[in-house]
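S.K.: Got a structure for you, questions after.
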Amino acid sequence: MNFSLDHRLHRRALLRASACALLAPALGAPAAAQASGRIRFGLTPVFLTNDLELLGRLQSYLQRATGHPVELVTRRTYQEITTLLTTSQLDAAWICGFPYVAHRSELQLVAVPLWHHKPLYRSYLIVDRGRGGSGLLDLRGDIHAFSDPDSNSGFLVTRSALAERGLRPETFFAKTFFTYGHRDVIRAVSSGLAGSGSVDGYIYDVVGEIEPDLTAGTRVLTASELLGFPPIAAPRVPLNQVRLNALVKALWEMNKDDEGRAVLKMLRLDGFGAEDPASFDAIASKAALVAAAG
């Protein structure tokens, strides 16, 4: 497993070096960049969007680093942002691995966040802190909170784990509902509105640091294997190559800039880098399993 991870990290370094070489000519054209207009960058609820200071600082950094006006586009659901992206109404968006693999033919992978120095994260099943049990099957008959039907960590991982056992959410759980936000999955379990929930492990851990009272009444029952971190994707055919190059460069170099590092610190991320699309194959396999189960 360590060899596999080292191989992926080495491959990512090669990919980034190659991509930098390809982008270099366009990245050196500030006059063209200035003339090419506003960057529209989409954010789904996988992002910690309720922090207005964070959003303001991210926008400020990207505008200065790219030399373009930047509009941060947010919506309530993953599907809305994915639709804007696949219909070429956004230059790029920070989406989830599930919609990325579902629309892989229409999208290109342009950057992946690094958390704990790796482009990986986990899905958590969470329950009340005082509750017993140690696995998915202990949740039979629960009211269960999912985050979004297009979320990998907040839906697909649990759905595929049930499918592996020949089970379905609508018959395994007494009731399920979508909160359309990972924080709200935590709130639902913490308040007793749900007996259990499926949540993004990165967000759960970060919320545990910045809002410990919110996670204090819950615990992680199980954690999935490591999966590709929610990526930054762009339309396969860019709206504007100059704008996209400028955005990618700003993301890749965020950890070299004081303001950029401040944003990364707020996000609890180490930076952004290039990544092999094959890193999302495990998510694609889960999606195929669920599709086959019907």
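What the sequence shown shows, in mature numbering (1 follows the signal peptide of the UniProt record, and there is no 0), is residues -35 to -1, 1 to 259, in sequence order.
All C-beta atoms, glycine included, are put in the ideal place defined by N, C-alpha and C.
Taking DSSP's pairing of strands, which residues face Ile108 in a bridge?
M.R.: Within the sequence shown, residue 108 is the residue found at index 143, counting from 1. In the DSSP output, where bridge partners are listed per residue, Ile108 has Lys140.
S.K.: Is it buried or exposed, Gly225, if we count other Cβ atoms within 10 angstroms and call 16 or more buried?
M.R.: The residue labelled residue 225 in the question sits at position 260 within the sequence shown. Burial call: buried.
S.K.: Let's see if you can read the secondary structure: which residues bound the alpha helix (DSSP H) around Thr123?
M.R.: Counting from one through the sequence shown, the residue named residue 123 turns up at place 158. Start and end: 122 to 129.
S.K.: State the DSSP-derived secondary structure class of Pro242, mapped to helix, strand or coil.
M.R.: In the sequence shown, the residue the question calls residue 242 occupies position 277. If DSSP states are grouped into helix, strand and coil, Pro242 belongs with the helices.
S.K.: Verify whether the separation of the beta carbon atoms of Ile197 and Ala76 is less than 8 Å.
M.R.: Position 232 of the sequence shown holds residue 197. Position 111 of the sequence shown holds residue 76. Contact flag set, yes.
S.K.: I'd like the list of long-range same chain contacts for Ser99, defined as Cβ closer than 8 Å, with 5 residues on each side in sequence excluded.
M.R.: Working through the sequence shown from its first residue, we reach residue 99 at position 134. Around Ser99: Leu186, Thr187.
S.K.: Mapping the DSSP letters down to three states, classify Tyr43 as helix, strand or coil.
M.R.: In the sequence shown, counting from the first residue as 1, residue 43 sits at position 78. Helix at Tyr43.
S.K.: For Pro195, count the other beta carbons within 10 Å of its own beta carbon; 16 or more makes it buried, fewer makes it exposed. Which is it?
M.R.: Taking the sequence shown and counting its residues from 1, the one referred to as residue 195 is at position 230. Burial call: buried.
S.K.: For the pair the region 63 to 71 and the region 239 to 252, tell me if three or more CB-CB distances fall below 8 Å.
M.R.: Cβ pair count under 8 Å is three or more, so yes.
S.K.: Just to confirm my understanding: we take Arg9, look at its own chain, exclude 5 residues before and 5 after, and list those with CB closer than 6 Å. What are they?
M.R.: On the sequence shown, residue 9 is found 44 positions in, with the first residue counted as 1. Reading the sequence as shown, one finds Thr at residue 9 and not Arg. Taken in chain order, the residues that qualify are Tyr43, Ile46, Ile60.
S.K.: Tell me, to the nearest whole angstrom, how far the beta carbon of Gly162 is from that of Ala153; I am working on the premise that it is less than 8 Å.
M.R.: Counting from one through the sequence shown, the residue named residue 162 turns up at place 197. Counting from one through the sequence shown, the residue named residue 153 turns up at place 188. The Cβ separation is near 6 Å, so the contact holds.
S.K.: Under three-state DSSP, which class holds Gly182?
M.R.: Taking the first residue of the sequence shown as position 1, residue 182 is located at position 217. Three-state DSSP puts Gly182 in coil, outside helix and strand.
S.K.: Kindly list the residues whose CB is nearer than 6 Å to the CB of Arg3, restricted to its own chain and excluding five residues on each side of it in sequence; keep chain order.
M.R.: What you label residue 3 is simply residue 38 of the sequence shown in a count that begins at 1. The residues are Pro34, Glu36.
S.K.: Between which two residues does the beta strand (DSSP E) carrying Val164 extend?
M.R.: Translated into the one-based positions of the sequence shown, residue 164 becomes position 199. Here the beta strand (DSSP E) through Val164 covers 161 to 165.
S.K.: Three Cβ pairs or more, each shorter than 8 Å: is that satisfied between the region 70 to 87 and the region 104 to 113?
M.R.: Touching, no, given that fewer than three Cβ pairs across the two stretches are closer than 8 Å.
S.K.: Return the first residue and the last residue of the alpha helix (DSSP H) that Phe63 is part of.
M.R.: The residue you call residue 63 lines up with position 98 of the sequence shown. Looking at the DSSP string, the run of the alpha helix (DSSP H) that includes Phe63 is 62 to 67.
S.K.: Out of curiosity, what's the CA-to-CA distance linking Tyr89 and Val38?
M.R.: One-based indexing of the sequence shown puts residue 89 at position 124. One-based indexing of the sequence shown puts residue 38 at position 73. Spanning the two alpha carbons is a distance of roughly 27 Å.
S.K.: Just curious, the beta strand (DSSP E) that Tyr89 is in, first and last residue?
M.R.: Taking the first residue of the sequence shown as position 1, residue 89 is located at position 124. First-last of the beta strand (DSSP E) with Tyr89: 88 to 93.
S.K.: Per DSSP, which residues does Ile168 bridge with? Please list them.
M.R.: Locating residue 168 in the sequence shown gives position 203, counting from the first residue. Partner(s): none; Ile168 has no beta bridge.
S.K.: Mind pulling the beta strand (DSSP E) runs of 3 or more residues that sit fully within the region 185 to 247?
M.R.: Within the region 185 to 247, the complete beta strand (DSSP E) runs of at least 3 residues are 197 to 200, 236 to 238.
S.K.: Helix, strand or coil for Pro73 per DSSP?
M.R.: Position 108 of the sequence shown holds residue 73. In the sequence as displayed, the identity of residue 73 is Gln instead of Pro. In the structure shown, Gln73 sits in a strand (DSSP, three-state: E or B).
S.K.: Rounded to whole angstroms, what's the CA-CA distance from Leu(-14) to Arg184? Just pull it up for me.
M.R.: The residue labelled residue -14 in the question sits at position 22 within the sequence shown. The residue labelled residue 184 in the question sits at position 219 within the sequence shown. Residue placement at Leu(-14) is poorly supported in this model, since its pLDDT is 37, which falls under 50; the coordinates still yield a value, given next. The straight-line gap from Cα to Cα measures roughly 46 Å.
S.K.: Closer than 8 Å is the cut-off here; do at least three beta carbon pairs connect the region 201 to 208 with the region 78 to 88?
M.R.: No contact exists between the region 201 to 208 and the region 78 to 88.
S.K.: Is it buried or exposed for Pro(-11), if we count other Cβ within 10 angstroms and need 16 for buried?
M.R.: In the sequence shown, residue -11 corresponds to position 25, counting from 1. Caution is warranted here: a pLDDT of 36 is assigned to Pro(-11), below 50, making its placement in the model unreliable, and the coordinate value is therefore given only provisionally. So Pro(-11) counts as exposed.
S.K.: Using the Cβ count rule (16 or more neighbours within 10 Å means buried), how would you classify Leu121?
M.R.: Here residue 121 refers to the residue found at position 156 when the sequence shown is read from its first residue. Flag for Leu121 reads buried.
S.K.: Below 8 Å on the Cβ atoms is my guess for Met231 versus Arg22; work out the distance and round it to an integer in Å.
M.R.: Counting from one through the sequence shown, the residue named residue 231 turns up at place 266. Counting from one through the sequence shown, the residue named residue 22 turns up at place 57. Right, their Cβ atoms sit about 7 Å apart.
S.K.: Should Ser189 and Thr144 be called a contact, given that it needs their Cβ atoms to be closer than 8 Å?
M.R.: Taking the first residue of the sequence shown as position 1, residue 189 is located at position 224. Taking the first residue of the sequence shown as position 1, residue 144 is located at position 179. No.
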